[in-house]
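The structure under discussion appears below in the form of C-alpha coordinates.
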Amino acid sequence: MAMPTDIGIVDLGIGFPYQSVEEKKAAYDFFRPLLKDAQSVEEFEFPAQYMFKDVPDVVAPDVDPVAWVLEKMDAFGIRVAKTHMSPKGIRAKAEHPDRFVLSMGVDPNLGMDTLRKMDQAKAEHDIVAVTCFPCGCFPQVAVDAKLMYPIYMKCVELDIPICINGGIVGPRMPSWPQEVMRFDQVCYDFPELKIVMMHGAEPWTALAVKLMLKWPGLHYMTSAFAPKHYPKDIINYANTRGSDKVMYCGYFPAGLTLERQFSDMPKVPFKDEVWPKFLRENALRVFKIGEALERSAKSRA
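In this text, residue positions in the sequence shown follow my numbering: the first is 897, and each later residue adds one.
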(Lines of atoms letter the chains of each structure in order from A and count residues from 1; the text may use other names and numbers.)
(Lines give C-alpha, C1' and ligand atoms only; values in the text may rest on other atoms or scores of the structure.)
Protein backbone atom coordinates (compact mmCIF):
# COMPACT_ATOMS: atom_id res chain seq x y z
CA MET A 1 0.00 0.00 0.00
CA ALA A 2 2.95 2.32 -0.52
CA MET A 3 2.17 5.67 -2.10
CA PRO A 4 4.06 6.17 -5.40
CA THR A 5 6.16 9.32 -5.59
CA ASP A 6 7.13 9.54 -9.25
CA ILE A 7 3.92 9.26 -11.27
CA GLY A 8 3.30 12.97 -11.99
CA ILE A 9 0.49 13.81 -9.58
CA VAL A 10 -2.55 15.75 -10.80
CA ASP A 11 -3.85 18.12 -8.12
CA LEU A 12 -7.44 19.18 -8.77
CA GLY A 13 -7.36 22.16 -6.43
CA ILE A 14 -4.36 24.47 -6.30
CA GLY A 15 -4.70 28.22 -5.92
CA PHE A 16 -2.31 31.12 -5.51
CA PRO A 17 -1.32 33.04 -2.40
CA TYR A 18 -2.62 36.47 -1.53
CA GLN A 19 -0.14 39.27 -1.16
CA SER A 20 -1.90 41.01 1.70
CA VAL A 21 -4.51 40.18 4.34
CA GLU A 22 -6.79 42.78 2.74
CA GLU A 23 -6.65 40.93 -0.58
CA LYS A 24 -7.47 37.69 1.23
CA LYS A 25 -10.50 39.15 3.01
CA ALA A 26 -11.81 40.67 -0.21
CA ALA A 27 -11.77 37.25 -1.90
CA TYR A 28 -14.71 36.20 0.30
CA ASP A 29 -16.84 39.29 -0.22
CA PHE A 30 -19.15 37.41 -2.61
CA PHE A 31 -20.82 35.53 0.27
CA ARG A 32 -20.13 37.91 3.17
CA PRO A 33 -23.81 39.03 3.26
CA LEU A 34 -24.69 35.50 4.39
CA LEU A 35 -22.61 35.73 7.57
CA LYS A 36 -24.24 36.87 10.82
CA ASP A 37 -22.08 35.87 13.80
CA ALA A 38 -19.69 38.54 15.07
CA GLN A 39 -16.59 36.33 14.94
CA SER A 40 -17.04 35.55 11.23
CA VAL A 41 -17.87 39.14 10.36
CA GLU A 42 -15.38 41.03 12.53
CA GLU A 43 -12.49 38.74 13.50
CA PHE A 44 -11.81 36.04 10.92
CA GLU A 45 -9.47 36.65 7.99
CA PHE A 46 -11.49 34.03 6.11
CA PRO A 47 -14.91 32.63 7.04
CA ALA A 48 -13.90 29.01 7.82
CA GLN A 49 -10.88 30.06 9.87
CA TYR A 50 -12.02 28.11 12.94
CA MET A 51 -11.45 24.87 10.99
CA PHE A 52 -7.84 25.41 9.86
CA LYS A 53 -4.49 26.17 11.45
CA ASP A 54 -1.48 27.98 9.97
CA VAL A 55 -3.03 28.57 6.55
CA PRO A 56 -0.15 29.37 4.16
CA ASP A 57 -1.98 31.66 1.76
CA VAL A 58 -0.43 35.11 2.32
CA VAL A 59 3.05 35.99 1.04
CA ALA A 60 5.08 39.18 0.88
CA PRO A 61 4.21 41.68 -1.89
CA ASP A 62 7.55 41.06 -3.60
CA VAL A 63 6.98 37.30 -3.96
CA ASP A 64 5.92 36.06 -7.40
CA PRO A 65 2.81 33.95 -6.58
CA VAL A 66 3.03 31.80 -9.71
CA ALA A 67 6.71 30.98 -9.24
CA TRP A 68 6.06 30.31 -5.54
CA VAL A 69 3.33 27.77 -6.33
CA LEU A 70 5.31 26.12 -9.11
CA GLU A 71 8.25 25.59 -6.77
CA LYS A 72 5.95 23.88 -4.27
CA MET A 73 4.44 21.68 -6.99
CA ASP A 74 7.89 20.57 -8.11
CA ALA A 75 8.93 19.80 -4.54
CA PHE A 76 6.03 17.37 -4.07
CA GLY A 77 5.86 15.73 -7.47
CA ILE A 78 2.75 17.55 -8.71
CA ARG A 79 2.93 17.61 -12.48
CA VAL A 80 -0.37 19.31 -13.32
CA ALA A 81 -2.72 21.49 -11.30
CA LYS A 82 -6.28 22.55 -11.93
CA THR A 83 -6.70 26.14 -10.79
CA HIS A 84 -9.33 28.86 -10.94
CA MET A 85 -9.72 31.15 -13.92
CA SER A 86 -8.48 34.13 -11.88
CA PRO A 87 -5.92 36.64 -13.19
CA LYS A 88 -3.17 34.64 -11.47
CA GLY A 89 -4.53 31.37 -12.83
CA ILE A 90 -4.78 32.72 -16.38
CA ARG A 91 -1.23 34.00 -16.14
CA ALA A 92 0.01 30.65 -14.78
CA LYS A 93 -1.56 28.73 -17.68
CA ALA A 94 -0.21 31.23 -20.22
CA GLU A 95 3.33 30.98 -18.86
CA HIS A 96 3.28 27.25 -18.06
CA PRO A 97 0.71 25.63 -20.37
CA ASP A 98 1.99 22.13 -19.60
CA ARG A 99 1.48 22.56 -15.85
CA PHE A 100 -1.90 24.25 -15.37
CA VAL A 101 -5.48 23.82 -16.56
CA LEU A 102 -8.33 26.15 -15.66
CA SER A 103 -11.80 25.90 -14.15
CA MET A 104 -14.42 28.62 -13.82
CA GLY A 105 -16.66 29.42 -10.88
CA VAL A 106 -20.35 29.74 -11.75
CA ASP A 107 -23.20 31.59 -10.06
CA PRO A 108 -26.67 30.23 -10.93
CA ASN A 109 -28.26 33.50 -9.80
CA LEU A 110 -26.82 35.26 -12.85
CA GLY A 111 -28.90 33.29 -15.34
CA MET A 112 -27.99 33.63 -19.01
CA ASP A 113 -24.93 35.72 -18.18
CA THR A 114 -23.37 32.66 -16.52
CA LEU A 115 -24.04 30.51 -19.59
CA ARG A 116 -22.49 33.10 -21.90
CA LYS A 117 -19.43 33.31 -19.65
CA MET A 118 -19.09 29.51 -19.73
CA ASP A 119 -19.08 29.56 -23.54
CA GLN A 120 -16.53 32.36 -23.54
CA ALA A 121 -14.30 30.67 -20.97
CA LYS A 122 -14.28 27.43 -22.95
CA ALA A 123 -13.49 29.25 -26.20
CA GLU A 124 -10.81 31.55 -24.80
CA HIS A 125 -9.24 29.51 -22.00
CA ASP A 126 -10.28 25.89 -22.72
CA ILE A 127 -11.63 25.38 -19.20
CA VAL A 128 -11.79 21.73 -18.15
CA ALA A 129 -14.55 22.21 -15.55
CA VAL A 130 -16.77 24.64 -13.72
CA THR A 131 -17.17 24.87 -9.95
CA CYS A 132 -20.15 25.85 -7.84
CA PHE A 133 -20.50 26.61 -4.11
CA PRO A 134 -24.27 26.29 -3.50
CA CYS A 135 -24.21 27.54 0.10
CA GLY A 136 -22.02 30.47 -0.89
CA CYS A 137 -24.34 31.77 -3.59
CA PHE A 138 -26.27 34.87 -2.60
CA PRO A 139 -29.11 34.06 -2.38
CA GLN A 140 -28.24 30.43 -1.66
CA VAL A 141 -29.12 27.90 -4.38
CA ALA A 142 -29.58 24.17 -3.77
CA VAL A 143 -27.76 21.51 -5.80
CA ASP A 144 -31.10 20.39 -7.28
CA ALA A 145 -32.65 23.85 -7.70
CA LYS A 146 -34.14 24.84 -11.05
CA LEU A 147 -31.59 27.68 -11.30
CA MET A 148 -28.82 25.06 -11.53
CA TYR A 149 -30.34 23.13 -14.43
CA PRO A 150 -29.25 25.45 -17.27
CA ILE A 151 -25.67 25.19 -15.95
CA TYR A 152 -25.90 21.40 -15.96
CA MET A 153 -27.19 21.51 -19.53
CA LYS A 154 -24.35 23.76 -20.61
CA CYS A 155 -21.79 21.43 -18.96
CA VAL A 156 -23.16 18.52 -20.96
CA GLU A 157 -23.05 20.62 -24.12
CA LEU A 158 -19.44 21.70 -23.47
CA ASP A 159 -18.50 18.17 -22.31
CA ILE A 160 -16.98 19.36 -19.03
CA PRO A 161 -17.60 18.26 -15.42
CA ILE A 162 -19.07 20.41 -12.70
CA CYS A 163 -17.45 20.34 -9.26
CA ILE A 164 -19.96 21.07 -6.48
CA ASN A 165 -19.57 21.35 -2.72
CA GLY A 166 -21.47 18.65 -0.87
CA GLY A 167 -22.15 18.25 2.84
CA ILE A 168 -22.12 20.58 5.84
CA VAL A 169 -20.63 23.91 4.80
CA GLY A 170 -17.56 25.26 6.63
CA PRO A 171 -18.45 28.95 6.96
CA ARG A 172 -21.24 29.67 9.45
CA MET A 173 -24.20 29.72 7.11
CA PRO A 174 -27.06 27.29 6.40
CA SER A 175 -26.08 23.95 4.85
CA TRP A 176 -29.38 22.81 3.30
CA PRO A 177 -28.34 23.60 -0.31
CA GLN A 178 -25.57 20.97 -0.12
CA GLU A 179 -27.47 18.01 1.33
CA VAL A 180 -25.97 15.03 -0.46
CA MET A 181 -29.36 13.43 -1.26
CA ARG A 182 -29.96 16.36 -3.63
CA PHE A 183 -27.41 14.91 -6.05
CA ASP A 184 -29.69 11.91 -6.66
CA GLN A 185 -32.30 13.88 -8.61
CA VAL A 186 -29.67 15.75 -10.63
CA CYS A 187 -27.94 12.52 -11.66
CA TYR A 188 -31.32 11.10 -12.69
CA ASP A 189 -32.19 14.15 -14.79
CA PHE A 190 -28.73 14.42 -16.42
CA PRO A 191 -27.31 10.94 -17.06
CA GLU A 192 -24.60 12.42 -19.34
CA LEU A 193 -23.40 14.94 -16.75
CA LYS A 194 -20.12 14.41 -14.87
CA ILE A 195 -20.36 15.68 -11.28
CA VAL A 196 -17.49 15.76 -8.80
CA MET A 197 -18.46 16.28 -5.16
CA MET A 198 -16.11 18.60 -3.27
CA HIS A 199 -15.40 19.35 0.38
CA GLY A 200 -16.21 16.06 2.03
CA ALA A 201 -19.94 15.25 1.75
CA GLU A 202 -19.96 14.87 5.54
CA PRO A 203 -21.90 13.67 7.46
CA TRP A 204 -23.48 11.88 4.50
CA THR A 205 -20.41 10.00 3.22
CA ALA A 206 -22.14 6.61 3.29
CA LEU A 207 -24.95 8.12 1.23
CA ALA A 208 -22.39 9.64 -1.15
CA VAL A 209 -20.94 6.18 -1.70
CA LYS A 210 -24.39 4.71 -2.36
CA LEU A 211 -25.08 7.42 -4.92
CA MET A 212 -21.71 6.94 -6.64
CA LEU A 213 -22.43 3.22 -6.90
CA LYS A 214 -25.79 4.06 -8.43
CA TRP A 215 -24.84 6.85 -10.84
CA PRO A 216 -21.92 6.46 -13.29
CA GLY A 217 -21.40 10.22 -13.63
CA LEU A 218 -20.99 10.99 -9.93
CA HIS A 219 -17.44 11.27 -8.49
CA TYR A 220 -15.61 12.56 -5.40
CA MET A 221 -12.52 14.67 -4.75
CA THR A 222 -10.73 15.12 -1.42
CA SER A 223 -10.70 18.94 -1.38
CA ALA A 224 -10.21 20.74 1.96
CA PHE A 225 -9.36 17.52 3.84
CA ALA A 226 -5.99 16.52 5.22
CA PRO A 227 -5.34 12.86 4.37
CA LYS A 228 -5.59 11.80 8.01
CA HIS A 229 -9.20 13.01 7.92
CA TYR A 230 -10.29 11.33 4.67
CA PRO A 231 -13.67 9.74 5.50
CA LYS A 232 -13.44 6.00 6.09
CA ASP A 233 -16.44 5.42 3.82
CA ILE A 234 -14.56 7.05 0.96
CA ILE A 235 -11.33 5.11 1.56
CA ASN A 236 -13.23 1.82 1.71
CA TYR A 237 -15.12 2.70 -1.46
CA ALA A 238 -11.92 3.57 -3.33
CA ASN A 239 -10.41 0.26 -2.25
CA THR A 240 -13.38 -1.74 -3.51
CA ARG A 241 -15.83 -0.70 -6.21
CA GLY A 242 -14.91 2.97 -6.37
CA SER A 243 -11.30 2.97 -7.50
CA ASP A 244 -12.28 4.94 -10.63
CA LYS A 245 -14.39 7.50 -8.75
CA VAL A 246 -12.16 9.09 -6.06
CA MET A 247 -9.56 11.76 -6.89
CA TYR A 248 -6.92 13.80 -5.08
CA CYS A 249 -7.49 17.51 -4.49
CA GLY A 250 -5.08 19.27 -2.15
CA TYR A 251 -6.73 22.67 -1.52
CA PHE A 252 -3.37 24.45 -1.31
CA PRO A 253 -2.78 27.17 -0.21
CA ALA A 254 -6.35 28.08 0.79
CA GLY A 255 -6.46 25.68 3.73
CA LEU A 256 -3.61 23.17 3.86
CA THR A 257 0.11 23.13 3.18
CA LEU A 258 1.48 20.57 0.75
CA GLU A 259 3.89 19.59 3.50
CA ARG A 260 0.89 18.57 5.60
CA GLN A 261 -0.80 16.81 2.70
CA PHE A 262 2.20 14.70 1.75
CA SER A 263 3.39 13.91 5.26
CA ASP A 264 -0.08 12.48 6.00
CA MET A 265 -0.67 10.90 2.60
CA PRO A 266 1.51 7.76 2.87
CA LYS A 267 -0.51 6.70 5.91
CA VAL A 268 -3.75 6.45 3.95
CA PRO A 269 -4.53 2.73 3.55
CA PHE A 270 -5.21 2.69 -0.19
CA LYS A 271 -4.46 -0.51 -2.06
CA ASP A 272 -1.48 -0.51 -4.42
CA GLU A 273 -3.66 -0.43 -7.52
CA VAL A 274 -5.72 2.50 -6.19
CA TRP A 275 -2.86 4.99 -5.72
CA PRO A 276 -2.17 5.76 -9.42
CA LYS A 277 -5.88 6.21 -10.07
CA PHE A 278 -6.35 8.43 -7.03
CA LEU A 279 -3.31 10.62 -7.64
CA ARG A 280 -3.42 10.90 -11.43
CA GLU A 281 -5.37 8.62 -13.74
CA ASN A 282 -8.93 9.39 -12.64
CA ALA A 283 -8.37 13.14 -12.90
CA LEU A 284 -6.86 12.81 -16.39
CA ARG A 285 -9.87 10.79 -17.55
CA VAL A 286 -12.76 12.63 -15.87
CA PHE A 287 -11.51 16.14 -16.69
CA LYS A 288 -9.88 15.15 -20.01
CA ILE A 289 -6.76 16.97 -18.87
CA GLY A 290 -4.42 15.17 -21.25
CA GLU A 291 -6.50 16.32 -24.20
CA ALA A 292 -6.51 19.88 -22.88
CA LEU A 293 -2.72 19.87 -22.53
CA GLU A 294 -2.37 18.55 -26.09
CA ARG A 295 -4.61 21.33 -27.42
CA SER A 296 -2.55 23.89 -25.53
CA ALA A 297 0.68 22.52 -26.97
CA LYS A 298 -0.70 22.54 -30.53
CA SER A 299 -1.93 26.12 -30.19
CA ARG A 300 1.60 27.21 -29.33
CA ALA A 301 3.39 25.13 -31.96
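The beta carbon of each residue, even a glycine, is placed where N, CA and C say it ideally should be.
Worksheet entry | Stretch pair the segment 1141-1158 + the segment 907-916: three plus CB contacts closer than 8 Å | Contact holds: three or more Cβ-Cβ distances are below 8 Å.
Item to complete: In the DSSP assignment, find the unbroken alpha helix (DSSP H) run with Val1065 in it and report its ends.
Response: Taking the first residue of the sequence shown as position 1, residue 1065 is located at position 169. Unbroken run through Val1065: none, as it is neither H nor E.
Discussion item. Please identify the residue among His992, Ala988, Asp925, Met981 whose C-alpha is closest to the C-alpha of Ala1193.
Written reply: Along the sequence shown, read from residue 1 onward, the residue named residue 1193 stands at position 297. The candidate whose alpha carbon is nearest that of Ala1193 is His992.
Fill in: Alpha-carbon spacing of Pro1087 relative to Asn1132, whole angstroms
Along the sequence shown, one-based indexing puts residue 1087 at 191. Along the sequence shown, one-based indexing puts residue 1132 at 236. C-alpha separation (whole angstroms): 25 Å.
Worksheet item: Could you give the distance in angstroms between the alpha-carbon of Val955 and the alpha-carbon of Met981?
Response: By one-based count along the sequence shown, residue 955 stands at place 59. By one-based count along the sequence shown, residue 981 stands at place 85. If I take the Cα positions, the gap works out to 20 Å.
Worksheet item: Taking just the CA atoms, how far does Pro957 sit from Leu1175?
Response: Position 279 of the sequence shown, counted from the first residue, corresponds to residue 1175. Position 61 of the sequence shown, counted from the first residue, corresponds to residue 957. Leu1175 and Pro957: Cα-Cα distance of roughly 32 Å.
Practice prompt. Would you check if there are 3 or more beta carbon pairs closer than 8 Å linking the segment 994-1014 to the segment 965-985?
Written response: Counting Cβ pairs under 8 Å, three or more are found: they touch.
Worksheet item: For chain D, is any of its Cβ atoms less than 8 Å away from the one on Pro1004?
Response: You won't find chain D in this structure, because it holds only one protein chain.
Worksheet item: Looking only at its own chain, which residues have a Cβ that is under 6 Å from the Cβ of Met899, when we skip the five neighbours before and after it?
Response: To locate residue 899, count along the sequence shown from 1; it is residue 3. Here the set comprises Met1161, Pro1162, Trp1171.
Worksheet item: How long is the line joining the alpha carbons of Glu1053 and Phe1183, rounded to whole angstroms?
Response: Residue mapping note: residue 1053 aligns to position 157 of the sequence shown, counting from 1. Residue mapping note: residue 1183 aligns to position 287 of the sequence shown, counting from 1. Straight-line Cα distance between these residues: approximately 14 Å.
Item to complete: Grab me the residues of Ile1064's own chain with a C-beta within less than 7 Å of its C-beta, minus the 5 sequence neighbours each way, in chain order.
Response: Position 168 of the sequence shown, counted from the first residue, corresponds to residue 1064. Excluding residues within five positions, the ones whose Cβ falls inside 7 Å are Ser1071, Glu1098, Pro1099.
Practice prompt. Decide if Ser1139 is buried, meaning its Cβ has at least 16 other Cβ atoms within 10 Å, or exposed.
Written response: Indexing the sequence shown from 1 puts residue 1139 at position 243. Answer is buried; the Cβ neighbour count reaches 16.
Discussion item. Between Asp1129, Cys1028, Ile1047, which has its C-alpha nearest Met1094's C-alpha?
Written reply: For the purposes of this step, residue 1094 is identified with residue 198 of the sequence shown, where counting begins at 1. Nearest of Asp1129, Cys1028, Ile1047 to Met1094, Cα basis: Cys1028.
Discussion item. Does Tyr946 come out as helix, strand or coil in the three-state DSSP assignment?
Written reply: By 1-based counting over the sequence shown, the position of residue 946 is 50. If DSSP states are grouped into helix, strand and coil, Tyr946 belongs with the helices.
Worksheet item: Leaving out the 5 sequence neighbours to the left and right, which residues in its chain are closer than 7 Å to Asp1040 when beta-carbon positions are compared?
Response: Within the sequence shown, residue 1040 is the residue found at index 144, counting from 1. Same-chain partners within the cutoff: Arg1078, Gln1081, Val1082.
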